[in-house]
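Residue numbers (this note's numbering): 12 to 925.
Where a beta carbon is used, it is the ideal one built from N, C-alpha and C, also for glycine.
First the structure, in the form of structure tokens, and then the observations on it.
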């Protein structure tokens, strides 16, 4: 045994190691590349942590392992360079064993060797088996008291020593029950190296639960190697721990290689099953067969699902209502699937079931397991198992003729399926009785009634009644096995009501052709109407509705149309040779009805219009060689009663043919030119006779005014020539200029006179003496406004004192508000603020004298402010002017105040009337 190697002590047999050592010594004689075993087997727990070492495979290449490369066919397991198999991620083994292949290949020779690795899942409740020949590994059982279970370090092998070993040692996991009551710390195992006989050794553990969070769950006695758990474990918080044990001397030098310790928390039944939802909602069609799937309820148990602690079973506790059977549903105890177990689901009877479901762990053992409940609400969904049925076998309605979109009858149906669903929505169709498609049936979305509606007008004279056969069905087809009811068909009788229909003109628009110019009273045609009411004895009368030119007359009884005036194609009322008139035909029904018809008269042209010469005026040079006048004609008629035209000069007067000549250019144009070499400038009336090509032809003699003038070299009239040609001499031109000057002078004098009159009107005195002004006027004593003769003045001066702030701010006294004096304002004697009623005459006279003597007064009346009395009414209350109680008061002194107070004197100075 080499230095530094350990010896396996207590509970672990050395016989396997010795046999492996002897086998390797024998194998030195011959070298064959390959794995030491074709099939490796290791005992593991169900939960494997990431990086957990499982076993070690041995491969010999006879040249050492330096060029050997390992790989596996599983993504969950890898092999290190020394042959150690480890897990690449945290795993939970669902079956009893896992098998995969490990491949070793030589990089130099590219040779490959395979071996099978089987991982057997150990049961946590009993001791683990060893690899071979009954070897057993230690495990902590919850039922056993703590003991000195020793986990010795594996013996190290020399690379040149034992060469062939079937398998390496695997430290079995340590099982710790959760929720242990202690006492704590509670010993788990003891770890020891055989070198502690020679030197003092200190033991320690590292990993999650030791020196990593959660901290200090496990502890170890550094001298004895006894490992403890310090508090109760909770498997639901953490199910396993991976620790590493270390052995060092007192100087901290490593004595042994670290070994892996796997600690598994044994589950206890400390968690109830918990449903994912407290209330589940599902549905099933009514009429479903037994075994129909409804819904699934799921409960989770936090305990270990591989043990009875986490194995949940389901059962139905109650069902409400228990109709038609108390066991309408059943539940799969393992999966939680709820299915129907009995027939008879009918939505029209029971629309919803409430089922209480219980979940129990311990495989459903009600004596030992923990339970929980949830509610499953099962809605019975509707299927179309009830055909719609009419509430009556026959229906009746009536409709006026010639009306559409009228509801004739309402068809009511009964359907026991779910309202406002495709199984309930009614669809109506007419089977027979309406070949022409006069009716359609629309469904009321709210009441589901069928509304028989007229979509094509009916005629009483053709059909007095309709017998319809109507069928109703649902929007959704009936369920399998359901037949239509005989009550799904009904009859509808529709009576057509006769109404007074308007007469109509069979030929509308009616077109006739005739020549224009027919004399009045000529019969043109008979424009008669037809009354569709064949079963009513009614008379039709005719009248004109539209006759723009008032050319026609219609007979009121038979509709014969005659001319009332001559029809003229050239009239403004003609459009494209057609004259239109509208006539009215009315019957004597109750109520009366009327119809209109249009008569179109196409007028054929006759030659009834003589041509007119164009232009009416022209200009020509006094020498004939320079230019000529192009003339033509206009004719209101149409072809063939128009051109070509014949242009001629009359023989009388003779001077016309002597001075002028006409040259024909084409059928519509000719040229008028001078026949003589020179014609004196002036304006000449040249008569020309124009004849059209009608049958018979018509001619017309028209006058063209020709202005003959001197022309320049371009053939245009000169300015002087134009004047001369107009017939105005020098004297006439001078007279015109003199008249213009005189007119301008008169306008200027009128303007000056108006300015002067305006100035005088502003500076003169009043035209009428106030003493002679005996007109009745309404006078305000605190105002001096304009009278009837002063209406031209600005009355805005007569304003209330409260708006004249700039006046009221001055000292007391008489103030003018129409203009501001240039000089200093005159000072008037100060009056008492409120004069005595007996001194009213003196008070007013004083104001009048002050106004008359005011040099700034304008020639018209204006507002005088005597005293400001505040912002209220500008006049005191009239009620304060009471008569003296001592007797009658004499008002004769008012006659002395002038004409302005004459009205008051007449009212009060005449004495009382009897």
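Reduced DSSP category for residue i - H, G, I as helix; E, B as strand; rest coil
| i | result |
| --- | --- |
| residue 188 | strand |
| residue 200 | strand |
| residue 854 | helix |
| residue 911 | helix |
| residue 917 | helix |
| residue 627 | coil |
| residue 906 | helix |
| residue 641 | strand |
| residue 54 | strand |
| residue 175 | Any reading at residue 175 must be qualified, since the residue scores a pLDDT of 40, below 50, and its modelled position is unreliable; the value itself is stated next. The answer is coil: DSSP assigns residue 175 none of H, G, I, E or B. |
| residue 213 | strand |
| residue 222 | coil |
| residue 606 | strand |
| residue 773 | helix |
| residue 502 | strand |
| residue 765 | helix |
| residue 509 | coil |
| residue 744 | helix |
| residue 516 | coil |
| residue 598 | strand |
| residue 693 | strand |
| residue 44 | coil |
| residue 717 | strand |
| residue 237 | strand |
| residue 33 | Because the pLDDT of residue 33 is 38, which lies under 50, any placement of that residue in the model is unreliable, and the question is left without a value. |
Top-ranked residue by Cα proximity to residue i, from the options
| i | options | result |
| --- | --- | --- |
| residue 661 | 697, 376, 280, 300 | 697 |
| residue 276 | 184, 286, 440 | 184 |
| residue 453 | 484, 309, 852 | 484 |
| residue 658 | 679, 535, 455, 279 | 679 |
| residue 330 | 718, 322, 341 | 341 |
| residue 202 | 237, 294, 507, 477 | 237 |
| residue 383 | 290, 299, 231, 503 | 290 |
| residue 677 | 471, 502, 643, 760 | 643 |
| residue 204 | 190, 249, 265 | 265 |
| residue 1 | 66, 447, 100, 728 | This structure leaves residue 1 out entirely; the chain is present only between 12 and 925. |
| residue 558 | 282, 593, 496, 652 | 593 |
| residue 650 | 705, 608, 670 | 705 |
| residue 232 | 210, 242, 200, 590 | 200 |
| residue 496 | 263, 359, 392, 401 | 401 |
| residue 229 | 251, 209, 211 | 251 |
Close beta carbons around residue i, own chain, < 7 Å, minus the five adjacent residues each side
| i | result |
| --- | --- |
| residue 439 | 422, 452, 454, 461, 481, 483 |
| residue 580 | 527, 588, 614, 616 |
For residue j and residue i, believed in contact at Cβ under 8 Å, the rounded distance
| i | j | result |
| --- | --- | --- |
| residue 97 | residue 62 | 6 Å |
| residue 127 | residue 94 | With a Cβ gap of about 15 Å, residue 127 and residue 94 do not count as contacting. |
| residue 509 | residue 546 | 7 Å |
| residue 282 | residue 314 | 5 Å |
| residue 573 | residue 535 | 6 Å |
| residue 427 | residue 474 | So it is not a contact: roughly 38 Å between Cβ atoms. |
| residue 514 | residue 550 | The pair is not a contact, with the Cβ atoms about 10 Å apart (cut-off 8 Å). |
| residue 633 | residue 690 | 6 Å |
Beta-carbon proximity list for residue i, same chain, < 6 Å, skipping 5 on both sides
| i | result |
| --- | --- |
| residue 328 | 367, 369 |
| residue 459 | 437 |
| residue 254 | 216, 218, 221, 272 |
| residue 311 | 285 |
| residue 487 | 395, 433, 434 |
Same chain, Cβ closer than 8 Å to residue i, neighbours up to 5 away in sequence not counted
| i | result |
| --- | --- |
| residue 188 | 153, 244, 276, 277, 279 |
| residue 621 | 646, 701, 703, 709, 710, 711 |
| residue 64 | 95, 96, 97, 271 |
According to DSSP, residues forming a beta bridge with residue i
| i | result |
| --- | --- |
| residue 461 | 422, 454 |
| residue 681 | 642, 675 |
| residue 370 | 325, 383 |
| residue 253 | 273 |
| residue 80 | 116 |
| residue 124 | 115 |
| residue 750 | Beta-bridge pairing links residue 750 to no other residue. |
| residue 555 | 594 |
CB contact below 7 Å: residue i versus chain C
| i | result |
| --- | --- |
| residue 769 | This model lacks chain C altogether, as it is built from one protein chain only. |
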